[in-house]
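First comes the structure, then the notes that go with it.
Protein chains in written order, with the working numbering: chain A, 261 to 420; chain B, 261 to 420; chain C, 261 to 420; chain D, 261 to 420.
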């Protein structure tokens with residue numbers, strides 16, 4: 261089933277069950293850091309999530325590019341929620357570890373992180389992380405990573 | 261030579277040359293993300309830098325802990341500036357890649373990241389990253405990482 | 261230009277220049293570890309190299325599967341030579357670092373590692389590493405990694 | 261309790277319980293790859309294991325140094341068995357992932373890998389990996405890594 265959800269002019273198209281989509285949306289909204297970075301969910305599909313963050317002085321490193329920490333933050337959340345789309349109800353997700361290569365200066369109007377599940381097991385899930393800089397029509401790869409998630413069975417996110 | 265610098269009630273003790281200390285301080289102050297996270301330099305020594313970040317809702321993940329991205333951000337900056345203390349004048353530092361394990365829930369009044377140079381070469385430098393949660397007198401290890409930096413010779417940070 | 265080279269019943273098809281193909285072949289043949297593991301080059305294309313290793317007791321871990329170290333060894337060489345296909349003449353390749361997830365028990369008649377260049381710069385190159393277990397027609401992903409290489413300009417491999 | 265075990269002129273000193281020491285020794289002896297690399301256990305302590313491998317042409321890369329794959333193989337086993345010393349009876353150990361930086365050319369009479377547990381949990385254990393090259397009295401750091409292990413409860417190693 262195809263879900264279409266409009267959020268602040270971004271269109272989230274999803275064929276995940278509406279329950280899973282809601283769980284991702286609600287969990288994402290509880291992440292204070294995503295609001296601080298002005299980051300938004302832009303896609304939620306089974307095993308794939310995208311998050312976009314606009315450029316501002318508040319996310320920079322010393323040369324005025326996006327800080328590797330800001331880049332990593334949206335990459336980590338994108339991977340975590342990509343895994344979460346495949347987790348059973350009543351569970352939650354934690355990052356065990358991730359590794360990220362910063363392959364080009366992160367310059368642009370937006371960064372978009374893509375988290376994609378490569379292998380999903382009962383306990384551990386492995387995701388690929390990619391971050392692109394967006395400048396008008398241009399799309400440049402700026403970071404690449406790999407992430408290990410753990411599924412906490414029977415421990416749903418706390419109520420807001 | 262021992263340097264003592266007071267910054268917003270934090271004491272930076274350092275035996276790095278005052279030029280290097282100033283370069284670290286000025287570069288850190290250009291990182292918009294560090295201000296956004298309310299992160300402060302708390303130690304600058306040759307090959308070792310510490311950065312502290314207070315808890316607030318603006319740096320959380322979905323369970324109310326510090327977000328792995330916030331944890332990683334101060335770890336990345338601590339490692340980067342640890343390397344930078346050993347770099348020659350007129351150079352700047354970029355992160356090639358890092359890997360971080362989140363080993364315990366990041367809960368506490370503060371997180372403190374320590375970046376420590378393990379191997380410094382002309383082009384590449386390897387740092388160990390540690391992040392502790394601070395609660396009163398208690399100090400709990402919450403993250404552990406390893407980072408590769410590149411020294412950009414002849415390319416100093418831009419003037420503010 | 262398309263190169264076809266037959267080596268011990270494996271066919272290496274390649275559209276890399278014959279010089280680059282020869283450099284990869286000769287360098288691979290100097291790696292004593294590859295002979296010890298009975299590993300063979302099975303594909304050399306621009307930015308992509310595959311290496312295959314047969315199962316034997318001499319490459320196992322404690323449960324009789326391929327050892328993570330054997331899996332990593334062919335993955336590391338596959339990535340290194342994938343990068344090397346794109347390096348200029350008179351250079352050599354060294355691994356700066358790699359990270360690998362072992363995502364399934366490595367069981368089968370063969371393991372095949374694929375190294376693929378994701379980003380190639382003057383100094384640093386980033387590769388994706390994949391290892392599959394081969395059982396008859398079946399092909400199972402067993403490991404996934406990411407690798408950073410450095411190009412040593414003006415320092416060719418030593419003569420054998 | 262202090263254990264002293266002599267193995268092929270190497271002395272294994274250990275204060276792990278003799279059962280745990282035996283489990284490590286027996287499991288190590290089932291790793292065909294360690295025999296192929298002529299690698300030996302040289303220390304087994306609670307949460308710390310060392311493995312030594314002599315130089316020979318059979319473990320080299322293209323410049324005649326130890327191959328990163330051989331370096332990684334003993335590092336991976338050292339970390340895995342460091343974790344295993346702390347695991348309960350009737351369990352076994354698998355590597356989830358590791359990351360390793362090759363920080364200097366691996367040249368010498370021997371390589372010695374040290375695996376040290378940094379954090380041990382019920383399911384996951386994090387180890388630090390170090391590899392030194394030994395030349396007479398000289399000891400040079402050549403590789404540094406971080407590893408995640410999983411404890412397989414109720415699944416002991418198979419009988420030989």
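Positions of the beta carbon are idealized from the N, C-alpha and C atoms, including for glycine.
Values in this document were obtained by computation on a predicted structure and should not be read as measured data.
N-terminal and C-terminal residue of the alpha helix (DSSP H) that residue i is part of
i	result
residue 290 of chain B	278–290
Host beta strand (DSSP E) of residue i (start-end)
i	result
residue 305 of chain B	300–305
residue 403 of chain D	398–412
residue 355 of chain D	352–362
Residue(s) in a DSSP beta bridge with residue i
i	result
residue 371 of chain B	B/313, B/393
residue 345 of chain C	BP columns for residue 345 of chain C are empty, so no partner.
residue 379 of chain B	B/386
residue 320 of chain B	B/326
residue 308 of chain A	A/305, A/376
8 Å Cβ cutoff, residue i in contact with chain D
i	result
residue 301 of chain C	no
residue 359 of chain A	yes
residue 416 of chain C	no
residue 308 of chain B	no
residue 336 of chain C	yes
residue 291 of chain B	no
residue 406 of chain B	yes
residue 413 of chain C	no
Contact with chain C by residue i, beta-carbon distance below 8 Å
i	result
residue 304 of chain A	no
residue 345 of chain B	no
residue 330 of chain D	yes
residue 285 of chain D	no
residue 409 of chain A	no
residue 421 of chain D	Residue 421 of chain D lies beyond the residue range present for chain D, which begins at 261 and ends at 420; the question has no answer from this structure.
Selected residue, minimal CA-CA separation from residue i, among the options
i	options	result
residue 293 of chain B	B/283, B/340, B/330, B/317	B/330
residue 379 of chain B	D/351, D/401, D/318	D/401
residue 277 of chain A	A/344, A/372, A/302, A/384	A/344
residue 311 of chain C	C/353, C/285, C/327, C/347	C/285
residue 325 of chain C	C/362, C/396, C/415	C/362
residue 302 of chain B	B/371, B/417, B/354	B/371
residue 396 of chain D	D/314, D/297, D/307	D/314
residue 381 of chain C	C/415, C/403, C/411	C/411
residue 282 of chain D	D/364, D/358, D/346, D/413	D/346
residue 287 of chain B	B/385, B/358, B/403, B/349	B/349
residue 305 of chain D	D/339, D/289, D/291, D/317	D/339
residue 365 of chain A	A/327, A/414, A/317, A/307	A/327
residue 295 of chain C	D/317, D/280, D/337	D/317
residue 403 of chain B	B/290, B/332, B/309	B/332
Contact with chain A by residue i, beta-carbon distance below 8 Å
i	result
residue 356 of chain D	yes
residue 320 of chain B	yes
residue 362 of chain B	yes
residue 265 of chain C	Here the model assigns residue 265 of chain C a pLDDT of 37, short of 50, so the residue's position is not dependable, and the following value carries that caveat. No - not a single Cβ of chain A is within 8 Å of the one on residue 265 of chain C.
Residue-chain proximity (residue i, chain B), Cβ-Cβ < 8 Å
i	result
residue 262 of chain A	Per-residue confidence for residue 262 of chain A stands at a pLDDT of 35, beneath the threshold of 50, marking its modelled position as unreliable; no derived number is given.
residue 298 of chain A	no
residue 401 of chain D	yes
residue 351 of chain A	no
residue 333 of chain A	yes
CB-CB length for residue i against residue j, believed under 8 Å
i	j	result
residue 408 of chain C	residue 356 of chain B	6 Å
residue 405 of chain C	residue 360 of chain C	4 Å
residue 376 of chain B	residue 342 of chain B	6 Å
residue 394 of chain A	residue 369 of chain A	6 Å
residue 391 of chain A	residue 373 of chain A	5 Å
residue 417 of chain B	residue 322 of chain A	5 Å
residue 383 of chain B	residue 385 of chain C	Incorrect: roughly 14 Å between the Cβ atoms, too far for contact.
### Task
Give, in chain order, every residue of the region 373–399 of chain C whose Cβ lies closer than 9 Å to some Cβ of chain E.
Here chain E cannot be found, since the structure's protein chains are A, B, C and D.
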